[in-house]
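*Asks:*
There are 2 protein chains.
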Amino acid sequence: MARAGRRPGPGSTSDDVLAAARSLFAERGYRGTTLRAIAAAAGVTPAMIHHFFGSKQRVFLAAIRMPIDPTAVLSGLLDGPREDFAEALVRTFVAVWRSDATGPGLRGMLRSAVADEEQAAAVRAFAGAIVLPRTAAALGVPIERVEAALSILIGQAVTRAIIGIEPLASMSDDDVVALFAPAVAVVLGLRARDPA
Amino acid sequence: MARAGRRPGPGSTSDDVLAAARSLFAERGYRGTTLRAIAAAAGVTPAMIHHFFGSKQRVFLAAIRMPIDPTAVLSGLLDGPREDFAEALVRTFVAVWRSDATGPGLRGMLRSAVADEEQAAAVRAFAGAIVLPRTAAALGVPIERVEAALSILIGQAVTRAIIGIEPLASMSDDDVVALFAPAVAVVLGLRARDPA
C-alpha cells in the first residue's frame, strides 16, 4: 500500500511507518529494506523516520514490537568470559521474560510470530541478517548452533510463560538457569564452567 | 453451555462433544473431567461418546486436535535402551513434525496452544496428568527434567517448522538429531551413547 506523497494525518504517522516497515521487512528481508522505501510506503519523508526512530534497526524493533534490543543485550553478554556465556544468556533471557516492563511485550511478539506469517518473516529476516550471524561470529561457532541455542530459549519461554506447564513455569530463575544453561552450552559447543 | 437432554443434530454431534471436552478439560483438568460430564455438556449419552471415541484419552486427543497419541509413541521409546532415549525421542519428534500425515496437525495444535488460553489449559492438563509424570517415572528423573526436554523439542519445532529460521529449518533430520539430542540428554540427566 504505497501512499507516497500523502501528508501524514495526526497521530497515525508512527503506526503507518511501522505497518509499512513490517510488511517490507517480511517481503524483502532486513538488508533489502531501506528507510527510504519504508518512508515512501508510509507516505512520510526519510528524515521524519530518522527523527522519530533514529535508525533502521530501531524501526525494525518497533515494527515487530520487540521491547528490548537483542543486539545490545548480546553484545554485553559476549564481552564476558566464554565459559559463562551460556549461563549468562539463559539468566538474561529469563529475566527479561519475567520483567513487568518487557515480559508482556515479548510474549505478544512471540505469539504474533507463531500466529502470523508476516511477523514470522520479519523476525526471521532480522535474526538471520543481524542477531544470529553476529553472535555466531563472536563465539566462533557455526550459525546453526546459535539457532539451536535460540530454539532452547524460545522453547523454555513457550512451555513456561505461554503454556504454563508446572512445576517448570513456577521454578526460580536460578533453577531454570541450572536446568537449561548446560543444554545451551552443549548446543553451542561451549564448555560450561561446571560440566555435569 | 450444558445442553443435557438435547437430541444431537445430524453431523454436529462429534463437534459438540469435542468443544464440550476442550472446555471441560481446560476448566477442570484432565482427571477432573469425566466422559459423563462431557456427554452431559454436549447433550449426548456417555455410550455414544464411548462408541465414537473409545476412551477419555482419545476424546482428549481429538479435542486438542492432536494427530498422534504421545503416550503410545513414548511407551515405544521408553522400551528401548536408556542411552538411546534422547536420540530416539528427538528423531521421532522431528519425523512426526515433518510427516505430511501428522505435521500440519501438530503445527495447528501448537499454534492454538500459543494463541488460545483454553487450548493451552487443555494441553497443560493432559501433559501434567499423563504424559509428563508417566515419562518421568519410567526414566526415574524429576518431572521438571522431562518438561525441560519437552521445551527443547517445542523450541526446535517453533524455530524450524513455524518461524522457519534458516539454515536450521532446512537441516536434515540426522543433523537436527545430532544437534539437539545431546541437549535433551543433558536436561534429562541421561548419559548419551556418544558424549561430546
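Top to bottom, those sequences are chains A and B.
Going by the numbering used here, the first residue of the first sequence is number 1, and it counts up by one from there.
Going by the numbering used here, the first residue of the second sequence is number 1, and it counts up by one from there.
Virtual Cβ for every residue (Gly too), placed ideally from N, Cα, C.
1. So is Leu179 (chain A) in contact with chain B if we call contact Cβ pairs under 9 Å?
2. Using a Cβ-Cβ distance under 9 Å, would Val90 (chain A) count as near chain B?
3. Would Val187 (chain A) pass as an interface residue toward chain B - the criterion being a Cβ-Cβ separation below 9 Å?
4. Got a sec: is the Cβ-Cβ distance from Ala115 (chain A) to anything in chain B below 9 Å?
5. Can you give me the C-alpha to C-alpha distance between Ala138 (chain A) and Leu78 (chain A), rounded to a whole angstrom?
6. Using only the alpha-carbon positions, how far apart do Thr33 (chain B) and Val17 (chain B) sit?
7. Quick check on this structure: which residue in B:Arg31, B:Glu166, B:Val59, B:Val131 has the alpha carbon closest to the alpha carbon of Ser14 (chain B)?
8. Got a sec, what are the start and stop residues for the alpha helix (DSSP H) His92 (chain B) sits in?
9. Which whole-angstrom value is the C-beta distance of Gly29 (chain A) and Arg65 (chain A), which I expect to be below 8 Å?
10. Here's the rule I'm using: 16 or more other beta-carbon atoms within 10 Å means buried, otherwise exposed. How should Ser170 (chain B) be labelled?
11. With 16 other CB atoms within 10 Å as the buried threshold, where does Arg124 (chain A) fall?
12. Are any of the Cβ atoms in chain B nearer than 9 Å to that of Ser172 (chain A)?
13. Look up Arg22 (chain A) in the DSSP assignment and say whether it is helix, strand or coil.
14. Mind checking if Glu87 (chain B) is an interface residue toward chain A, Cβ cutoff 9 Å exclusive?
15. Our contact map puts Phe25 (chain A) next to Ala122 (chain A) with C-beta atoms below 8 Å; I'd like the distance itself, whole angstroms only.
*Replies:* So, to answer that:
1. Along the first sequence, read from residue 1 onward, the residue named residue 179 (chain A) stands at position 179. Closer than 9 Å: yes.
2. Start at 1 with the first residue of the first sequence, and residue 90 (chain A) comes out as number 90. Not one chain B Cβ lies under 9 Å of Val90 (chain A).
3. Within the first sequence, numbered from 1, the residue matching residue 187 (chain A) stands at position 187. Cβ-Cβ to chain B under 9 Å: yes for Val187 (chain A).
4. Residue mapping note: residue 115 (chain A) aligns to position 115 of the first sequence, counting from 1. With 9 Å as the cut-off, Ala115 (chain A) counts as an interface residue toward chain B.
5. Here the question's residue 138 (chain A) lines up with position 138 in the first sequence. Here the question's residue 78 (chain A) lines up with position 78 in the first sequence. Between Ala138 (chain A) and Leu78 (chain A), the alpha-carbon positions lie close to 7 Å from each other.
6. Residue 33 (chain B) sits at position 33 when you count from the first residue of the second sequence. Residue 17 (chain B) sits at position 17 when you count from the first residue of the second sequence. Their backbone Cα atoms lie some 13 Å apart in a straight line.
7. Taking the second sequence and counting its residues from 1, one reaches residue 14 (chain B) at position 14. Measuring from the Cα of Ser14 (chain B), the nearest candidate turns out to be B:Val59.
8. Within the second sequence, numbered from 1, the residue matching residue 92 (chain B) stands at position 92. Strictly speaking, residue 92 (chain B) in this sequence is Thr, with His absent from that position. Thr92 (chain B) -> alpha helix (DSSP H) spans 85 to 98.
9. Counting from one through the first sequence, the residue named residue 29 (chain A) turns up at place 29. Counting from one through the first sequence, the residue named residue 65 (chain A) turns up at place 65. Wrong, their Cβ atoms sit about 19 Å apart, outside the cutoff.
10. Position 170 of the second sequence, counted from the start, is the residue given in the question as residue 170 (chain B). With fewer than 16 other Cβ atoms within 10 Å, it is exposed.
11. Counting from 1 along the first sequence, the entry for residue 124 (chain A) is found at position 124. Buried: at least 16 other Cβ atoms inside 10 Å.
12. Numbered from its first residue, the first sequence carries residue 172 (chain A) at position 172. At a cut-off of 9 Å between C-beta atoms, Ser172 (chain A) does not count as an interface residue with respect to chain B.
13. As a position in the first sequence, residue 22 (chain A) is number 22, starting the count at 1. Reduced to three states, the DSSP call for Arg22 (chain A) is helix.
14. By one-based count along the second sequence, residue 87 (chain B) stands at place 87. No - not a single Cβ of chain A is within 9 Å of the one on Glu87 (chain B).
15. Along the first sequence, read from residue 1 onward, the residue named residue 25 (chain A) stands at position 25. Along the first sequence, read from residue 1 onward, the residue named residue 122 (chain A) stands at position 122. The Cβ separation is near 4 Å, so the contact holds.
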